[in-house]
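Working notes, beginning with the structure itself.
Numbering (my numbering), first residue to last: 1 to 151.
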């Protein structure tokens, strides 16, 4: 089996995030697919911060979007292979607070307990009143496109 290193972006709600399939094969990197079999490596989601833990090295949050929770971790110090530069990560992490609406873009990974999480996240606090609705519509559009793609 060949694995693709191409970054596959997907906008989704927590209910879809929690149903992602994990494929662990010996001597191959872990891969992830949607319920319909589409490969995915990066996820964008939107929700309210319900848990927040700041350390000197990381910002860990859990966001809730009405359909479930997604754990998100951002490294705030230089590390090998991080997606966001440390100075940018620290600036993005400053306005993140409990109960704020946050848009998150991150790479899929497995936590120490084997649960799905987003790492190397990009955080953006949303101020638009219709951001929730637009995110849901975007998720629905992506699902519709996937269901109706030509085979």
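Glycine residues also receive a C-beta, built at the ideal position from the N, C-alpha and C atoms. Everything numeric in this text was worked out from a predicted model, so none of it was measured.
- Per DSSP, residue 113 is not a residue of any alpha helix (DSSP H), being assigned neither H nor E.
- Beta-bridge pairing by DSSP links residue 10 to 43.
- Ranked by Cα distance from residue 66, the first of 145, 40, 133, 147 is 133.
- The residues 74, 92, 93, 96, 102, 104, in chain order, have a CB closer than 7 Å to that of residue 123 in the same chain once the five nearest residues on each side in sequence are set aside.
- Under DSSP, residue 74 takes part in a beta bridge, and its partners are 59.
- Residue 28: not part of any alpha helix (DSSP H); DSSP gives it neither H nor E.
- Within the same chain, Cβ atoms closer than 7 Å to the Cβ of residue 49 are found at 61, 63, 96, 97, 98, 99, 100, 102, the five residues on either side in sequence being excluded.
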